[in-house]
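Below you'll find the structure, written out as structure tokens, and then a few comments.
Residue numbers (full-length UniProt numbering): 1 to 650.
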């Protein structure tokens, strides 16, 4: 393949003025090389598992033949031979399976992809039938079309108007622009591309692009710059294969699946370059209240800022009313016309908005299900799913939302919005309702739909008689609850987190039970520990800086999960399940630190990242008290000790 690519003179692409024709010629060259260098192999359905050895397959065929002979004539010799072969087959299959397991465990180091492929190959098989709009579909093709109809129904028609005339008459600036990309941009984007065997619509896996990067840089550079000059995004790169992925609930209900888009790696490279160049120019325009899809921000920074607001309210004896909102299919409902108008208002050059208009419109999608392909459909609204540019375009679309609130504060993580304000009198509640009305008006103007049934109110207070104001959206009363799940953490009105810890522990025990059942034949300590870290411990440490308990009973409840796993490891090692072994002894034996100590390290690491700029959040940084003594002292620390009578600050 290298030899063929080395002989291609890509300069002929410079003669094209039409980007689609240039891309078509580019793929013609690639397909010619692949036809000459990539061997074709017909996919066949395996009669036996792939880990069966030749000897096992031979015994199975011999057993089937002897069985047929034994059924035709009553021959004691044939029956005896069949019984002997049956025993030999059972022994051979078990031997092959044990060998396969040992190799799988070793693959954790040499080939992790194979190891995780084995472990994740579980019972979540595709359903044999599917329901959509009260109609049952059983054929794979019909199921694929049902998914296509459902995913298509989420989109909305976008506004149509003459973009160029609108922009020319309302030009406010053009400081955000991308005239061209450089050679180094393409090199870096290819280097950061994940190597994978998965192919998009163009049937080119990313590992070939990375492996032959030196031959792809120049033609891609020509195509990318031609696209920017002509303000047209290639149509081939706007096509996507949709894979339905089950979320939760009834597996036979079409609405319980979410779409995962498989894009062309060429498109990913191009979008990666544009995203970096674009974000560098607009990062100062993005509201500091937004924590989603922003470098150096995360769900932890969002929740930490919010928790500080609640604690501050408790310290002054106030009440904090919080409105948790829910946008219905926010990412898929973005109107193209409104988005482009907003981008122009932010200072995007006309050429860049024209290019983005081409990038967003006329996208072709189809669903792939069990080797069946649905009919094609278009994405008439929303940012492209699975793309690099999509999240950035969404947060720019929603960026002006924070400016409509006059009397309250807000925090965002992508489309997860919470609106809050301190309640000292009924007037504060009226002002919060006023901002809530502004939110609904903004949604109406921007054609986004609030799922009012899922919006809720939570009043954080230590008062025995809190102020329970009735809040409304579009004259519909919002439900008031005692707890809510915010970015994966369960908050309650007293900021106790007991409900979250109990729910987290319950889920962790279920995951540990699944791990034990699926690793009955495993013997590798390393493999078992890696699975525990990935599937159990990770869930026990998510945003631990928010809910880290200080009471011993809660700490021990969490530690029992790891102690359970440590005893399981000891059983795998010695074949004996001992209950009276100390936890500290087991932790030292298997070199696994306690969960409590890991949470302490996580808190210190979070604090270190804030101080050193690895976490970029001014609200958190401003909450840190730095010691600035009037004169230098020998034992003066950098941070003064802060004493609080509240457990929340411990």
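A virtual CB, placed ideally from N, CA and C, is assigned to each residue, including glycine.
Close-in-space but distant-in-sequence residues of the same chain around residue i (CB under 6 Å, 5 per side omitted)
| i | result |
| --- | --- |
| residue 364 | 239 and 376 |
| residue 455 | 325, 326 and 478 |
| residue 67 | 82 |
| residue 247 | 256 and 258 |
| residue 656 | Given that the chain is displayed from residue 1 to residue 650, the structure contains no residue 656 and the question cannot be resolved. |
| residue 583 | 563 |
Alpha-carbon to alpha-carbon, residue j and residue i
| i | j | result |
| --- | --- | --- |
| residue 2 | residue 47 | 36 Å |
| residue 395 | residue 41 | 45 Å |
| residue 249 | residue 127 | 13 Å |
| residue 98 | residue 91 | 11 Å |
| residue 665 | residue 458 | The question about residue 665 has no answer here: the residues shown for the chain are numbered 1 through 650. |
| residue 284 | residue 413 | 17 Å |
| residue 69 | residue 115 | 42 Å |
| residue 440 | residue 450 | 8 Å |
| residue 12 | residue 157 | 39 Å |
| residue 362 | residue 381 | 10 Å |
| residue 270 | residue 543 | 34 Å |
| residue 107 | residue 625 | 49 Å |
| residue 25 | residue 371 | 28 Å |
| residue 522 | residue 591 | 19 Å |
| residue 63 | residue 139 | 35 Å |
| residue 71 | residue 85 | 15 Å |
| residue 585 | residue 547 | 27 Å |
| residue 651 | residue 603 | Absent from the model: residue 651. The displayed extent of the chain is 1 to 650, so no value can be given. |
| residue 573 | residue 88 | 30 Å |
Cβ-based neighbour list, residue i, same chain, cut-off 7 Å, excluding 5 preceding and 5 following
| i | result |
| --- | --- |
| residue 146 | 130, 132, 137 and 254 |
| residue 373 | 144 and 366 |
| residue 267 | 237 |
| residue 152 | 377 |
| residue 334 | 381, 382, 383, 394 and 397 |
Start-to-end residues for the alpha helix (DSSP H) that takes in residue i
| i | result |
| --- | --- |
| residue 359 | 350-360 |
| residue 52 | Note, residue 52: premise wrong, no alpha helix (DSSP H); not H, not E. |
| residue 602 | 595-612 |
| residue 457 | Per DSSP, residue 457 belongs to no alpha helix (DSSP H); it is in the beta strand (DSSP E), 456-460. |
| residue 385 | From DSSP, residue 385 is part of no alpha helix (DSSP H); its letter is neither H nor E. |
| residue 318 | First-last for residue 318: undefined, no H or E at that position. |
| residue 97 | 76-110 |
| residue 340 | 336-345 |
| residue 130 | Counting along the chain, residue 130 falls outside any alpha helix (DSSP H), though it belongs to the beta strand (DSSP E) covering 130-132. |
| residue 37 | 19-37 |
| residue 618 | 618-622 |
| residue 2 | 2-7 |
| residue 499 | 498-518 |
Neighbourhood of residue i by C-beta distance below 8 Å, restricted to the same chain and skipping five residues each side
| i | result |
| --- | --- |
| residue 272 | 189, 192, 193 and 388 |
| residue 198 | 205, 206 and 262 |
| residue 245 | 257, 258, 259 and 260 |
| residue 499 | 483, 490 and 492 |
| residue 436 | 323, 419, 471, 472 and 473 |
| residue 33 | 1, 4, 5 and 8 |
| residue 567 | 577, 578, 579, 581 and 586 |
| residue 530 | 108 |
| residue 539 | 504, 507, 508 and 511 |
Enclosing beta strand (DSSP E) for residue i [first to last residue]
| i | result |
| --- | --- |
| residue 379 | 377-379 |
| residue 369 | 363-369 |
| residue 492 | 489-492 |
| residue 258 | 257-262 |
| residue 530 | Residue 530 -> not in any beta strand (DSSP E); alpha helix (DSSP H) instead, spanning 525-532. |
| residue 396 | Element bounds for residue 396: not the beta strand (DSSP E) but the alpha helix (DSSP H), 389-397. |
| residue 150 | Where residue 150 is concerned, there is no enclosing beta strand (DSSP E), although the alpha helix (DSSP H) it sits in stretches over 140-154. |
| residue 486 | 483-486 |
| residue 136 | 135-137 |
Alpha helix (DSSP H) runs contained entirely in the stretch 404-430, provided each spans 4 or more residues
none
Any chance the stretch 512-523 sits against the stretch 274-287, with 3 or more Cβ pairs inside 8 Å?
no
For the stretch 173-255, which segments carrying the beta strand (DSSP E) assignment without a break, of at least 3 residues, lie completely within its bounds, in sequence order?
239-246
Three or more C-beta pairs below 8 Å linking the stretch 505-513 and the stretch 547-566
yes
Alpha helix (DSSP H) runs wholly inside the stretch 536-583, at least 4 long, in chain order
544-547 and 552-574
Identify every run of the alpha helix (DSSP H) within the stretch 264-300, keeping only runs that are complete inside it and at least 4 residues long; order them along the chain.
265-282
When the Cβ atoms of the stretch 289-307 are set against those of the stretch 208-215, are three or more pairs found closer than 8 Å?
no
Three CB pairs or more closer than 8 Å across the stretch 225-242 and the stretch 341-359:
yes
Counting beta carbon pairs with one atom in the stretch 397-409 and one in the stretch 178-189, are three or more of them shorter than 8 Å?
no
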